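First residue of the sequence shown: 0, per this note's numbering; consecutive thereafter. We put the beta carbon where it would ideally sit given N, CA and C, even for glycine. Model, not experiment: these values are computed from the prediction.
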Amino acid sequence: MKYISEFREKKLVEHISRKIERIAQDVGRKVKLMEVCGTHAMAILKFGIRQLIPLSVKLLSGPGCPVCVTPNLYIDTACAYARKGFLIATFGDMMKVPGSDGSLSEEKSKGGKVKVVYSSMDALKLAASFPEERVVFLGIGFETTAPTVAASISLARQQNIKNFMVLCGHKLIPPAMKALVEADEVKIDGFLCPGHVSSIIGSKAYEFIARDYNIPCVVAGFEPVDILQAIYLLLSQICHGEAKVENEYTRVVTPQGNLKAKELMAKVFNLNSSEWRGIGEIEDSGLSLAENYAFYDAQLRFPVEIISSREMEGCRCGEVLRGLIEPEECSLFGNFCNPSNPSGPCMVSIEGACNIYYRFAGKYD
Ligand code: SF4
């Protein structure tokens with residue numbers, strides 16, 4: 000199959016692994032490479048990439064799962080809308096995320112109107128089909144999801160669908176990378192940049208990280224050969240004292256990205272400061288609706304006030320998302336907290352590091 004089998008080819012995988020072994024010896028020290036994409040985190044564990052590279056190269060998971068980085072205040076606000084009789088339309092992985100006082104799943108079991116949809120367009124159709132309902136779509140996700148939500152909002156206006164609103168929680172990846180580097184809690188030697196997000200924003204979007212912070216960046220795809228080749232390119236840069244952006248995923252990602260999608264986002268959204276779970280407020284890292292589209296902003300039209308939000312006691316998602324600990328270092332991992340009974344968002348989403356570790360860690364040990 001084109002673009003699958005050739006990127007899983009055993010001989011090629013072994014060849015790149017040997018190249019990594021040699022270049023890691025030339026680097027001559029421990030290095031930490033961080034991915035900021037849940038799909039990379041999953042591919043790394045699922046394909047046993049860690050077992051194919053030297054111990055001196057540590058792969059860290061960063062804030063790459065949109066559900067995980069969405070703070071409890073957002074979940075609490077969504078639950079409050081459900082309690083007030085709004086129809087909540089959401090992606091399925093938000094259902095079980097525990098907020099301060101329960102999840103959307105619990106709101107639904109208490110009679111709240113909460114519906115799982117597969118896209119924001121489905122939510123828009125729902126609003127058109129049930130004009131008596133006030134439909135709030137939970138707009139979370141990175142640059143990959145935001146353009147589709149922008150398209151739905153734009154269409155809602157064109158079609159004069161007035162009972163469709165968005166609770167806007169979209170976030171942007173490059174400002175989060177910058178925040179992690181500036182916080183300097185973990186010395187990151189290189190970034191494995193996300194394939195999906197980069198298909199929208201383009202590989203040039205990371206140039207400031209390489210230039211201003213002297214950190215190598217490589218955009219990578221999701222197959223074993225993609226990830227190993229990206230690791231090799233990062234180590235080569237480190238070995239030669241370079242810091243630049245390279246693109247391993249040229250079959251999907253261009254330097255400029257998807258211009259139409261970026262244009263649509265710029266039309267519908269404004270940049271704003273946004274709160275990330277475990278990281279805090281990051282300047283210009285979130286999207287809110289632009290003035291022309293403010294009518295579709297749930298919080299502007301029907302504000303709800305959340306008195307206080309709190310995190311689950313003992314849950315260390317924040318540290319997991321900053322690459323400070325691995326999921327297994329959380330004392331709740333696997334026993335008290337598991338995918339059927341998650342204590343934190345990183346165990347809920349299939350792109351969350353704790354969920355991924357629960358399913359795949361130890362598979363190749
Ligand atoms: S194992 Fe559970 S409680 Fe611990 S950090 Fe992960 S999600 Fe939170």
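DSSP-derived helix/strand/coil call for residue i
| i | result |
| --- | --- |
| Leu191 | strand |
| Lys203 | helix |
| Val35 | coil |
| Asp183 | coil |
| Met346 | helix |
| Ser287 | strand |
| Glu312 | coil |
| Phe332 | strand |
| Lys161 | coil |
| Leu123 | helix |
| Asp100 | coil |
| Lys45 | helix |
| Lys95 | coil |
| Ile281 | strand |
| Asn337 | strand |
| Lys170 | strand |
| Val367 | There is no way to answer for residue 367, as the model of the chain reaches only from 0 to 364. |
Residue i: first and last residue of the uninterrupted beta strand (DSSP E) it sits in
| i | result |
| --- | --- |
| Ser235 | Not the beta strand (DSSP E): Ser235 falls in the alpha helix (DSSP H), residues Pro223 to Cys238. |
| Asn269 | Phe268 to Trp275 |
| Leu320 | First-last for Leu320: Cys316 to Leu320, but that is the alpha helix (DSSP H), not the beta strand (DSSP E). |
| Thr89 | Leu86 to Thr89 |
| Ser60 | Val56 to Ser60 |
| Val116 | Counting along the chain, Val116 falls outside any beta strand (DSSP E), and DSSP gives it neither H nor E. |
| Phe136 | Val134 to Gly138 |
| Asn246 | Val244 to Asn246 |
| Val218 | Cys216 to Val218 |
Inter-residue spacing [alpha-carbon to alpha-carbon] between residue i and residue j
| i | j | result |
| --- | --- | --- |
| Val66 | Lys186 | 25 Å |
| Asn71 | Glu274 | 10 Å |
| Cys36 | Cys192 | 8 Å |
| Ala155 | Glu132 | 15 Å |
| Ala260 | Ile199 | 7 Å |
| Asn354 | Gly140 | 18 Å |
| Arg358 | Met94 | 20 Å |
| Val134 | Cys345 | 27 Å |
| Gly313 | Ser4 | 42 Å |
| Thr69 | Gly91 | 15 Å |
| Ser153 | Tyr292 | 8 Å |
| Thr76 | Asp188 | 37 Å |
| Lys161 | Leu103 | 24 Å |
| Gly194 | Thr143 | 10 Å |
| Thr89 | Ala126 | 13 Å |
| Ser330 | Gln158 | 51 Å |
| Asn337 | Glu327 | 11 Å |
| Gly138 | Arg7 | 34 Å |
| Ala22 | Leu234 | This sequence places Ile at residue 22; Ala is not what is there. Spanning the two alpha carbons is a distance of roughly 7 Å. |
| Tyr73 | Lys45 | 30 Å |
| Val218 | Gln255 | 13 Å |
| Ile230 | Val30 | 11 Å |
Chain B within 8 Å of residue i, Cβ atoms only
| i | result |
| --- | --- |
| Leu154 | Checking the listed chains, one finds no chain B in this structure; it contains a single protein chain. |
Residue i: first and last residue of the uninterrupted alpha helix (DSSP H) it sits in
| i | result |
| --- | --- |
| Lys18 | Lys9 to Val26 |
| Cys67 | Pro65 to Val68 |
| Gln50 | Segment: none, Gln50 is in no alpha helix (DSSP H) and carries neither H nor E. |
| Gly255 | As written in the sequence, residue 255 is Gln, which differs from the Gly given in the question. Counting along the chain, Gln255 falls outside any alpha helix (DSSP H), and DSSP gives it neither H nor E. |
| Thr76 | Asn71 to Arg82 |
| Ala392 | There is simply no residue 392 to check, as the chain begins at 0 and stops at 364 in what is shown. |
Local Cβ density within 10 Å of residue i, reported as buried at 16 or more and exposed below that
| i | result |
| --- | --- |
| Asn334 | exposed |
| Gly220 | buried |
| Glu106 | buried |
| Asp25 | exposed |
| Ala40 | buried |
| Thr249 | exposed |
| Phe129 | exposed |
| Leu32 | buried |
| Thr28 | Sequence inspection shows Arg at residue 28; the Thr mentioned does not correspond to that position. Arg28 comes out exposed. |
| Ala182 | exposed |
| Asn246 | buried |
| Ser151 | buried |
| Ile306 | exposed |
| Gly63 | buried |
| His14 | exposed |
| Glu34 | buried |
For the pair the segment 45 to 60 and the segment 143 to 151, tell me if three or more CB-CB distances fall below 8 Å. no
Quick check: the segment 237 to 250 against the segment 279 to 293, are at least 3 beta-carbon pairs closer than 8 Å? No: the two stretches stay apart, fewer than three of their Cβ pairs being nearer than 8 Å.
Is the segment 155 to 166 touching the segment 286 to 301, taking contact as three or more C-beta pairs under 8 Å? With a cut-off of 8 Å, the segment 286 to 301 and the segment 155 to 166 count as touching, because enough Cβ pairs lie within range.
Spell out a yes or no on whether the segment 43 to 51 and the segment 250 to 268 are touching, meaning 3 or more CB-CB pairs, one atom from each, closer than 8 Å. no
Could you tell me whether the segment 168 to 178 touches the segment 303 to 319, where touching means 3 or more Cβ pairs closer than 8 Å? no
At least three beta-carbon pairs within less than 8 Å, the segment 108 to 119 to the segment 222 to 235: Because the criterion of three Cβ pairs below 8 Å is not met, the segment 108 to 119 and the segment 222 to 235 do not touch.
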